[in-house]
Every structure is written in structure tokens, then in C-alpha cells.
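Asker: Numbering-wise (the working numbering), the sequence shown opens with residue 45 and increments by one. Just so you know, even glycine gets a beta-carbon here, dropped at the ideal spot from N, CA and C. Just so we're clear, the structure is a prediction, and the values are computed from it rather than from any experiment. Dropping a structure here in C-alpha cells format, bear with me for questions.
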Amino acid sequence: MTNLYRANLKLSLKRKESFILWVFALLPFILIIVDLFDTQFMQLSAPANSLSFTTFLEAVINVQYETFLPLVALIYLVIVTVGDEVRSGKLLLYKDINRAEIIFAKLFSLLTVYGIYFGLTVVTSLLTYYTHLVNQPYTSGQFFPSEGQEFKNSILIVLATIAMSVICIFLTAFLSLKFNKGLTLLLVSIVMLFSFVSSKLTLTSYIFPNAYPEFFTGSNFWLVLLAILGNLVGISFILSWCNQASFKKIEY
45 MTNLYRANLK LSLKRKESFI LWVFALLPFI LIIVDLFDTQ FMQLSAPANS
95 LSFTTFLEAV INVQYETFLP LVALIYLVIV TVGDEVRSGK LLLYKDINRA
145 EIIFAKLFSL LTVYGIYFGL TVVTSLLTYY THLVNQPYTS GQFFPSEGQE
195 FKNSILIVLA TIAMSVICIF LTAFLSLKFN KGLTLLLVSI VMLFSFVSSK
245 LTLTSYIFPN AYPEFFTGSN FWLVLLAILG NLVGISFILS WCNQASFKKI
295 EY
């Protein structure tokens with residue numbers, strides 16, 4: 045499993061789709077560029093001395109998610125890594141290897157690529173905040189916000205966004221085994237777009253983890269945190285089983 049994971053990770057790291065995804069981690073640097081021009085594009089505003097690094101990072105991750113372009117890049121990467129390899133016949137090279145090990149090696153390699161993307165986002169946000177934004181009147185210069193409730197809310201939002209990205213990877217992998225590239229991209233995009241508004245709808249507010257931070261009241265942090273993690277584990281388990289079952293039925 046370890047060698048198979050390393051081989052798949054090596055391939056994933058070389059894919060152009062991975063580099064496209066990582067480019068979106070440079071989003072915070074745009075703030076430095078736009079400040080050089082007289083424009084209202086991506087301008088930040090907040091009360092004086094209120095914006096900490098943690099709150100800024102939450103805003104960056106939220107913007108990345110809601111612009112949807114990084115998600116499209118991630119979806120396309122998963123399709124190329126899983127679905128396209130099946131249809132191209134390349135998996136014939138793995139015919140003597142347990143199929144469950146193959147699909148999980150691919151999924152873990154994709155999670156690693158996403159982890160790199162998230163890590164790069166943290167680094168670029170850190171550099172932007174402490175080299176440029178720290179000089180702005182609305183920043184506090186502090187790593188954590190002064191109010192504990194604000195910090196907890198940021199943690200929940202970031203964690204929920206990560207959870208949705210992980211679910212996106214597992215869902216895309218499963219659908220790419222069933223449908224062609226275009227239909228898979230369309231179906232996953234519809235699901236992810238629906239997740240944006242799920243928190244506003246009573247009947248669907250419990251389906252996706254990104255809706256759970258809306259239930260945070262200040263005193264129920266651990267309950268909401270466990271709900272997000274429980275939702276992630278539950279959906280990931282179901283989709284992992286679906287991926288494994290579908291992969292076993294594939295004829296090389």
C-alpha cells in the first residue's frame with residue numbers, strides 16, 4: 045500500500061491539474077497587487093485593529109471555496125486521476141494488485157495534493173498578512189482574534205470547508221467511475237453548488253458539514269465541531285465503500 049501510494053502521489057504531483065489547483069493558493073497575493081492600483085476589487089474592510097491573521101485566513105479560505113474555481117480544478121484533477129485512467133486502460137498494469145489498495149492509494153494521493161494546496165494557502169496568507177496587511181488600520185497584527193468566540197467560529201468555518209473538499213474528492217472519484225468526464229464534472233458541480241445554499245434551507249441544513257457553523261451560538265463549540273467531524277466521517281465512509289465496490293467491478 046505504501047509503495048502504491050508513493051507511486052500514485054508521484055504521478056499526481058506531476059499533473060498539470062495539480063499545479064492549476066496550487067495556483068489558486070496564491071489568491072492572498074492579489075491583495076498586495078490590487079493595493080497598487082486605485083480599485084475597489086477585493087478590498088478588505090473591517091473596524092480598526094480588529095482583523096487578526098486567523099480571521100483573515102478564514103476569509104481567504106471562504107473566498108476560495110465560494111469562487112468555485114479551485115473546486116473545479118480539484119474535481120478535474122480527481123477525474124483525470126481516477127476515471128480517465130480506468131477508461132484509458134492504464135490500470136491493466138495493476139492487474140495483480142488488490143483493487144481496494146489501488147483506489148485507496150489514489151484517494152490518499154489526492155488528499156495529499158489537497159493538503160499541499162491548503163498548506164500553501166496558509167503560507168501565502170501568512171506572508172500577505174505580516175508583510176502587507178499588518179500596516180493597514182483595520183488589522184490587529186495578532187495571530188489570534190482577541191475574542192475567543194470569533195476564533196472558535198473561524199475554526200469551525202475552516203474545518204467545514206476542508207470537510208467539503210474531502211467529500212468532493214470522494215464523490216468525484218465515485219462518479220468518475222460511472223460517468224464520463226463532462227457528466228461527472230456537471231453532477232459534482234451541482235452537488236457542491238447546492239451545498240452553498242443548504243444552510244439556508246431547513247430540510248437540507250444537516251446534509252453538508254459547511255452548514256454546521258451556522259448553528260454555532262458561542263457555547264456549543266464542541267457540539268458543532270463533533271457534528272462536522274461526524275458528518276465528514278459518515279459521508280466519507282459511505283463514499284469510500286461505494287468507490288471500493290465500484291472499482292472491484294471494473295474490467296481491465
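Just checking my contact of Leu-121 with Arg-59 at CB under 8 Å: how many whole Å lie between their CB atoms?
Answerer: Contact holds; Cβ gap of about 6 Å.
Asker: So, with DSSP's three-state summary, where would you put Lys-71?
Answerer: It should be pointed out that residue 71 corresponds to Leu in this sequence rather than to Lys. It is coil, neither helix nor strand.
Asker: On the three-state DSSP scale, how would you describe Thr-172?
Answerer: In the structure shown, Thr-172 sits in a helix (DSSP, three-state: H, G or I).
Asker: If I measure Cβ to Cβ from Cys-212 and keep anything under 7 Å in the same chain, skipping five residues before and after, which residues do I get?
Answerer: Cβ within range, chain order: Leu-115, Leu-118, Ile-119, Val-232 and Met-236.
Asker: Let me check understanding here. Comparing Cα to Cα, which of Val-268, Phe-281 and Ala-217 lies closest to Gly-127?
Answerer: The candidate whose alpha carbon is nearest that of Gly-127 is Ala-217.
Asker: Count the other C-beta atoms from every protein chain shown that fall within 10 angstroms of the C-beta of Leu-171, then say buried if there are 16 or more, exposed otherwise.
Answerer: Leu-171 should be labelled exposed.
Asker: For Asn-106, which residues of its own chain have a beta-carbon under 8 Å away from its beta-carbon, when the five flanking residues on both sides are left out?
Answerer: Same-chain partners within the cutoff: Ile-201 and Thr-205.
Asker: In the DSSP output, what is Thr-205 paired with across the bridge?
Answerer: According to DSSP, which records beta bridges pairwise, Thr-205 is partnered with nothing at all.
Asker: Tell me Leu-221's beta-bridge partners as DSSP assigns them.
Answerer: Note: Leu-221 sits in no beta bridge, so no partner.
Asker: With 8 Å as the threshold, decide whether the Cβ of Pro-181 is near any Cβ in chain D.
Answerer: Absence of chain D from the displayed structure is noted, only one protein chain being present.
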